[in-house]
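See below for the structure under consideration.
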RNA sequence: UGGGGGAUCGUCUAGCGGUAGGACGCCAGCCUUUGGAGCUGGCUACCUAGGUUCGAUUCCUAGUCCCCCAGCCA
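Numbering (my numbering), first residue to last: 20 to 583.
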């Protein structure tokens with residue numbers, strides 16, 4: 020069923036059909052089940068939008084937030100905290116339905132003993148290496164472990180002693196007794212429990228055996244009454260095992276696993292392993308570095324939850340591997356910010372100009388439109404005075420044919436102000452670099468005045484030198500790698516990172532209205548792009564992160580396109 | 001050469017028996033107190049080969065290619 024934009028969501032179709040047919044008694048319960056071993060990224064956003072969206076699609080639908088914390092060595096409370104913040108920030112609410120797989124450890128254990136009694140699970144004492152050998156290969160069947168036929172009582176005794184801490188790590192595991200000859204390797208007696216003498220961030224040292232994903236996940240779903248358990252494609256092979264666990268444990272609820280294709284974004288580092296490596300090697304400032312596609316990184320860049328949700332809605336939910344272009348994500352943040360972000364003037368690389376015929380000590384407050392797309396945003400006053408800054412790129416001493424901005428003798432309009440003419444160029448004696456420009460202005464050309472309609476070939480932005488606020492601007496690129504899916508074997512992927520991923524511009528001049536900007540708010544700097552006042556900046560002066568440039572703005576500026 | 005999935009514009013994605021639509025992107029033009037935004041027009045696709053059919057992207061058959069699986073990770 021196509022949504023407003025035409026993107027498909029086959030899982031929604033299934034859920035809607037099940038709901039209409041009265042399956043599961045008409046209940047719809049989904050869950051977002053992150054392992055708290057890292058920060059959430061845009062790929063998780065797809066899953067979050069999907070699962071919470073499904074619950075919203077039917078009356079009475081609910082979506083749980085469940086932490087799949089069955090591996091004590093990788094998980095910690097910081098991640099739990101950040102995950103919750105991000106889900107909320109994205110605009111979703113799990114209400115009272117926050118769960119932890121670790122809360123089910125006792126019940127999971129009970130079910131395991133029952134499986135043993137049913138003869139459906141056994142304690143294996145093979146080493147990890149031997150177990151691998153016995154498992155066979157993709158093309159050859161496995162072999163039964165010599166421990167496979169241990170009597171139930173011995174299994175029970177061993178398993179209880181495993182729990183009691185009688186054995187070191189790796190001495191034994193609990194395995195499901197299914198079929199060592201199955202063509203599906205996941206069914207060749209998968210491990211249900213392993214011994215790990217490690218402290219868990221929630222259960223401490225209460226346990227030294229921990230359930231595996233394949234055992235804990237389906238059971239946790241069933242315990243919570245989840246009806247539709249949505250996961251990614253790589254778990255398709257696990258579905259028979261998922262169903263086996265649910266069936267053999269004879270739970271009241273029988274959840275259904277449905278798989279979809281995970282999100283890939285071109286040129287973005289999306290694997291948790293790599294993100295963690297970037298953070299740990301301090302190649303980025305942290306999980307919230309604006310160069311990362313983490314939710315927190317996107318937030319610092321000025322991405323809005325609305326834009327991310329619209330993006331997730333647009334890309335659809337299917338089963339084919341797909342790589343979405345970064346430009347599509349950027350399109351959605353532009354579209355969103357275009358309607359809501361105020362336009363302001365800022366000069367990233369200042370060039371001082373002096374209006375020689377403008378009186379000294381005089382300041383005019385000129386009216387500027389806050390958002391042409393939204394008249395309700397109103398206007399603001401921008402101070403104008405004798406000494407101004409313009410963008411270095413807006414002046415060329417020897418302009419080529421196609422350059423229509425300021426040059427010696429040339430006229431140009433200052434946005435919301437006057438038409439000025441460049442009369443002379445002053446250079447630094449030592450370096451020969453341009454120090455400042457002298458200009459004259461035409462008083463009749465002020466906005467609204469008699470000559471205001473006079474046409475000139477270009478309009479440029481500016482700020483008053485005496486009133487401007489000095490700011491730091493950080494131009495972030497995404498961290499690029501050559502091809503995230505086809506990294507040559509044996510290469511250190513970090514060598515593929517974009518070396519120009521961060522450019523810090525100090526001494527930028529922004530209009531005074533930005534002096535006390537609220538953290539996290541986004542602006543459109545005229546012609547320069549969208550910028551977000553860094554939500555977490557500790558600096559005294561304003562710091563702006565580039566959200567995304569105006570569409571192709573940089574390329575066009577440098578192309579010095581011809582007349583308009 | 002085992003099993004499980006998947007193949008429609010450059011990219012995502014509709015159509016599921018009547019010869020392909022949308023979005024991103026790109027190109028051209030219009031407009032503009034910035035070249036942004038907006039507007040107009042254009043661009044390129046049904047994996048291959050057979051078959052069924054008046055007619056197939058849609059059905060059948062055989063291939064091809066891509067992805068996933070041999071953690072006591074999730």
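Glycine residues also receive a C-beta, built at the ideal position from the N, C-alpha and C atoms.
Give the single residue among the options whose Cα lies nearest to the Cα of residue i.
| i | options | result |
| --- | --- | --- |
| residue 308 | 36, 316, 68 | 316 |
| residue 19 | 360, 446, 58, 331 | In the structure as shown, the chain begins at 20 and stops at 583. Residue 19 is therefore absent and cannot be evaluated. |
| residue 314 | 98, 224, 532, 154 | 98 |
| residue 536 | 363, 357, 30 | 363 |
| residue 474 | 431, 493, 498 | 431 |
| residue 117 | 374, 50, 412, 146 | 50 |
| residue 233 | 42, 282, 254, 246 | 254 |
| residue 393 | 356, 377, 414 | 356 |
| residue 113 | 67, 129, 466 | 67 |
| residue 466 | 481, 437, 460 | 437 |
| residue 512 | 419, 531, 287 | 287 |
| residue 248 | 279, 224, 129, 222 | 279 |
| residue 461 | 378, 318, 129, 250 | 378 |
| residue 8 | 398, 515, 130 | The shown model of the chain, from 20 to 583, leaves out residue 8, and the question about it has no answer. |
Do the CB positions of residue i and residue j come within less than 8 Å of each other?
| i | j | result |
| --- | --- | --- |
| residue 73 | residue 106 | no |
| residue 176 | residue 214 | no |
| residue 285 | residue 344 | yes |
| residue 370 | residue 527 | no |
| residue 591 | residue 91 | Lying outside 20 to 583, the shown extent of the chain, residue 591 is not represented and no answer is given. |
| residue 326 | residue 352 | yes |
| residue 76 | residue 109 | no |
| residue 102 | residue 312 | no |
| residue 95 | residue 229 | no |
| residue 495 | residue 293 | no |
| residue 281 | residue 302 | no |
| residue 493 | residue 565 | yes |
| residue 441 | residue 418 | no |
Give every residue of the same chain whose Cβ lies closer than 8 Å to the Cβ of residue i, excluding the five residues on either side of it in the sequence, and list them in chain order.
| i | result |
| --- | --- |
| residue 575 | Bear in mind that the predicted position of residue 575 carries a pLDDT of just 47, short of 50, making it unreliable; the figure below should be weighed with that in mind. The answer is none, since no qualifying residue turns up. |
| residue 578 | No answer about residue 578 holds up, because its pLDDT of 43 lies below 50 and its placement is not dependable. |
| residue 196 | 138, 139, 140, 141, 167, 208 |
| residue 556 | 538, 562 |
| residue 569 | 353, 543, 546, 547, 548, 549 |
| residue 490 | 365, 527, 528, 529, 533, 560, 561, 562, 563 |
| residue 231 | 89, 209, 210, 211, 212, 213 |
What residues in its chain sit with their C-beta under 7 Å from that of residue i, if we drop five residues either side in the sequence?
| i | result |
| --- | --- |
| residue 463 | 469, 470 |
| residue 447 | 454 |
| residue 298 | 305, 306 |
| residue 396 | 361, 389, 390 |
| residue 22 | Annotation note: pLDDT 39 at residue 22 (below 50); position unreliable, coordinate value reported separately. Correct list, in chain order: 28, 332. |
Could you tell me which residues DSSP pairs with residue i in its beta bridges?
| i | result |
| --- | --- |
| residue 219 | 223 |
| residue 283 | 342 |
| residue 83 | 50 |
| residue 408 | 371, 482 |
| residue 489 | 528 |
| residue 425 | 414 |
| residue 399 | 387 |
| residue 347 | Paired residue(s): none; residue 347 is not in a bridge. |
| residue 455 | 371, 445 |
| residue 326 | Its beta-bridge partners do not exist; DSSP assigns none. |
| residue 539 | Bridge partners of residue 539: none, in fact. |
| residue 194 | 141, 210 |
| residue 522 | 494 |
| residue 431 | 439 |
| residue 278 | 250 |
Give me, in chain order, the residues of the same chain whose beta-carbon lies closer than 6 Å to that of residue i; leave out the 5 immediate sequence neighbours on both sides.
| i | result |
| --- | --- |
| residue 573 | Low per-residue confidence applies at residue 573: pLDDT is 44, beneath 50, and the placement is therefore not dependable, though the value from the model is reported in the following sentence. No residues qualify anywhere along the chain. |
| residue 144 | 166, 191 |
| residue 20 | Any reading at residue 20 needs caution, since the residue's pLDDT is 34, under 50, leaving its predicted position unreliable; the model's value is listed next. Same-chain partners within the cutoff: 32. |
| residue 237 | 261, 264, 265 |
| residue 87 | 52, 54, 120 |
| residue 477 | 423, 424, 431 |
| residue 174 | 135, 141, 142 |
| residue 239 | 120, 123 |
| residue 480 | 364, 434, 545 |
| residue 200 | 160 |
| residue 184 | 227 |
Given 8 Å as the limit, is there contact between the segment 186 to 206 and the segment 255 to 267, that is, 3 or more CB pairs closer than that? Proximity of the segment 186 to 206 to the segment 255 to 267 meets the contact definition, three or more beta-carbon pairs being nearer than 8 Å.
Taking 8 Å as the cut-off, does the segment 332 to 344 touch the segment 83 to 90 (at least 3 CB pairs, one atom from each stretch)? The count of Cβ pairs closer than 8 Å, one atom from the segment 83 to 90 and one from the segment 332 to 344, stays below three, leaving the stretches out of contact.
Are the segment 397 to 416 and the segment 483 to 499 in contact at 8 Å, needing three or more beta carbon pairs? Yes: at least three Cβ pairs fall under 8 Å.
Would you say the segment 269 to 284 touches the segment 148 to 163, given that touching needs at least three Cβ pairs under 8 Å? Here the segment 269 to 284 makes no contact with the segment 148 to 163; the two share fewer than three CB pairs at distances below 8 Å.
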